[in-house]
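Which chain is which? The protein sequence lines are E and U, in order.
Number 25 in numbering that gives the first Met the number 0 belongs to position 26 of the first sequence; there are no gaps in the numbering.
Number 71 in numbering that gives the first Met the number 0 belongs to position 72 of the second sequence; there are no gaps in the numbering.
Where a beta carbon is used, it is the ideal one built from N, C-alpha and C, also for glycine.
Treat the numbers as computed from the prediction; the structure is a model and nothing was measured.
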Amino acid sequence: MSYRLEGLRILIVDDNAHIRQLLRTILHAVGIHSIDAVEDGVAGFESFCRLEYDIVFTDFEMEPISGLDLVDMIRTSRKSPNPYVPVIMISSYSDEERVQRARDRGVTEFLAKPFTVDVLMARLQSVIEEPRPFVKTDSYFGPDRRRKQDPRYSGPERRKTQLEKVDVSVRDLSAQQRNALEESRANVAKIAGD
Amino acid sequence: MAQNGSENGAYQLITPPNLLKAKVSAGDGGGIDPDLIKQAESVIDSMSGEFAESVGHEIARLMKLALDLAEDMAQAEKVMKKVRSVGHELRGQGATYDYPLISDVAASLFRYTERLYSHVELSADVLRAHADAMRAVIKNDVRGDGGAVGADLVQSLEALVDRMSG
């Protein structure tokens with residue numbers, strides 16, 4: 000039997016109006032209707048302290064406080080009503096250094112842009128089905144950062160499976176489409192002096 | 000054990016109850032309803048026209064920025080910021096609406112702005128090349144990965160960026 004998602008309350012914190020709307024649209028379409036979206040981390044933490052949220056989506060780079068600072072506050076502030084809440088960080092930057100920084104501040108999952116409905120749903124399912132235990136040390140409080148057993152793992156580039164590139168559709172090009180792209184390619188060659 | 004700050008490696012492992020699952024699941028099996036996922040995909044698909052229109056506006060914007068730059072190099076710093084913003088926005092959206100080539104071309108444009116040592120090196124030709132590539136994609140509604148031709152176009156832009164920057 001499928002999940003009943005209508006009881007969930009989601010908080011979206013992103014300074015990009017389009018992303019807020021996109022996430023809201025997708026989540027609404029799968030049955031989640033209690034969605035609050037704010038445009039900065041300060042408003043985000045205020046909302047978070049006011050209402051009970053089941054999942055938080057946050058952008059990486061924002062002003063006046065970054066998504067990492069927001070996660071820090073959620074995890075460690077005395078005002079935080081739920082330091083265990085799953086936090087999914089969204090970003091166009093998906094280099095290993097940034098992902099590691101996010102993990103070290105207590106992010107639960109990372110969602111690289113551009114994302115598809117499929118990948119977003121996979122992240123949602125992951126926080127529901129495979130919640131990480133939390134680790135508390137002198138310098139860290141947050142989800143366990145140790146690599147979990149990933150059946151898709153088959154080599155050293157394991158992290159890439161966690162940030163899978165969007166599955167793009169493969170379609171045959173029409174002659175017109177092919178010509179247009181080739182013309183553009185020729186234009187680039189001309190500029191490059193090839 | 001992953002990094003920790005205590006000298007003797009002490010840590011506490013806490014496993015909170017999975018209240019989230021309890022909230023959404025009737026207990027047996029689970030998973031997000033595939034029909035609802037299809038519904039969500041269909042909604043996104045219906046928004047792709049709107050996205051294509053917005054890309055059209057951004058292409059026009061890029062061409063105008065290239066023109067401004069060509070006419071007056073003193074505009075370079077202002078132009079660079081705007082180009083960077085366009086690149087960042089579009090790279091993060093294209094593939095969501097089944098225009099992955101838009102994401103790839105925009106990523107190349109964004110990378111160009113990151114690689115430049117200074118805005119004074121900004122080239123109107125490079126901006127135009129990227130705008131032109133995006134126009135070819137949107138005007139001809141090239142969805143999906145564009146095959147070998149699409150890959151070749153993206154690689155050529157990346158090579159151009161390498162040549163003109165860094």
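Determine whether the beta carbon atoms of H129/U and V153/U lie at a separation below 8 Å. Within the second sequence, residue 129/U is the residue found at index 130, counting from 1. Within the second sequence, residue 153/U is the residue found at index 154, counting from 1. Not closer than 8 Å, so no.
G91/U and L108/U look like a contact to me (Cβ under 8 Å); what is the Cβ gap, rounded to whole Å? Taking the second sequence and counting its residues from 1, one reaches residue 91/U at position 92. Taking the second sequence and counting its residues from 1, one reaches residue 108/U at position 109. Not quite, the Cβ-Cβ distance comes to about 12 Å (not below 8 Å), so this is no contact.
Using 8 Å as the limit for Cβ to Cβ distance, is K78/E near chain U? Looking up residue 78/E in the first sequence gives position 79. False, the Cβ-Cβ gap to chain U never drops below 8 Å.
What did DSSP end up calling F109/U once you bin it into helix, strand or coil? Taking the first residue of the second sequence as 1, we reach residue 109/U at position 110. In the structure shown, F109/U sits in a helix (DSSP, three-state: H, G or I).
Given that H32/E touches chain U, what residues does it touch there, using C-beta distances under 7 Å? Residue numbering aside, residue 32/E sits at position 33 when the first sequence is read from its first letter. Going along chain U, no residue has its Cβ under 7 Å from H32/E, so there is no contact; the nearest lies around 12 Å.
How should I13/U be labelled, buried or exposed, when 16 other C-beta atoms within 10 angstroms of its C-beta is the threshold for buried? Numbered from 1 along the second sequence, position 14 holds the residue referred to as residue 13/U. By the neighbour-count rule (16 or more Cβ atoms within 10 Å), I13/U is not buried but exposed.
So which residues on chain E does H87/U lean against when the C-beta distance must stay under 9 Å? Locating residue 87/U in the second sequence gives position 88, counting from the first residue. Neighbours of H87/U on chain E, chain order: S91.
Taking 8 Å as the CB-CB cut-off, is L64/U touching chain A? Looking for chain A here will not work: the only protein chains present are E and U.
Less than 8 Å between the C-beta atoms of A132/U and S183/E, yes or no? Taking the second sequence and counting its residues from 1, one reaches residue 132/U at position 133. Taking the first sequence and counting its residues from 1, one reaches residue 183/E at position 184. Yes, the pair counts as a contact, with Cβ atoms nearer than the cut-off.
Using only the alpha-carbon positions, how far apart do V238/E and V86/E sit? For residue 238/E there is no data in the structure shown, the boundaries of chain E being 0 and 193.
Measure from the C-beta of E95/E to each C-beta in chain U and report whether the shortest distance is under 8 Å. The residue given as residue 95/E occupies position 96 in the first sequence. Judged by the 8 Å Cβ criterion, E95/E is not in contact with chain U.
Smallest Cα separation from S76/E: which of Q99/E, M61/E, C48/E, D13/E? Position 77 of the first sequence holds residue 76/E. Answer by Cα proximity: C48/E.
State the Cα-Cα distance for the pair N17/U and V118/E, rounded to the nearest angstrom. The residue you call residue 17/U lines up with position 18 of the second sequence. The residue you call residue 118/E lines up with position 119 of the first sequence. Rounded to whole angstroms, N17/U to V118/E spans 22 Å at the Cα level.
Cβ neighbours of A69/U in the same chain (closer than 7 Å, five flanking residues each side left out): Within the second sequence, residue 69/U is the residue found at index 70, counting from 1. Around A69/U: A123.
Whole alpha helix (DSSP H) runs in the stretch 59-109 of chain E with 4 or more residues, listed along the chain? 66-75, 95-104
Beta-carbon of R114/U versus every beta-carbon of chain E: anything under 8 Å? What you label residue 114/U is simply residue 115 of the second sequence in a count that begins at 1. No - not a single Cβ of chain E is within 8 Å of the one on R114/U.
Among residues of its own chain, excluding the 5 on either side of P142/E, which ones have a beta-carbon nearer than 7 Å to its beta-carbon? Counted from its first residue, the first sequence places residue 142/E at position 143. Cβ within range, chain order: G105, T107, R131, F133.
Which two residues bound the contiguous alpha helix (DSSP H) that contains V23/U? The residue labelled residue 23/U in the question sits at position 24 within the second sequence. Element bounds for V23/U: 18-23.
According to DSSP, what are the bridge partners of T95/U? Counting from 1 along the second sequence, the entry for residue 95/U is found at position 96. T95/U pairs with nothing; no bridge assigned.
Using a beta-carbon distance below 8 Å, is L180/E in contact with chain U? Mapped onto the first sequence, residue 180/E falls at position 181. Taking Cβ atoms only, chain U reaches closer than 8 Å to L180/E, which makes this a yes.
Strand pairing of K135/E, partner residues [DSSP]: Here residue 135/E is taken as the residue at index 136 of the first sequence, counted from 1. In DSSP, K135/E forms a bridge with F140/E, Q11/U.
Assess, as a yes-or-no matter, whether the stretch 2-9 of chain E is touched by the stretch 29-38 of chain E under the definition of 3 or more beta carbon pairs within less than 8 Å. yes
Can you tell me whether DSSP reads S183/E as helix, strand or coil? The residue you call residue 183/E lines up with position 184 of the first sequence. Of the three classes helix, strand and coil, the one that applies to S183/E here is helix, per DSSP.
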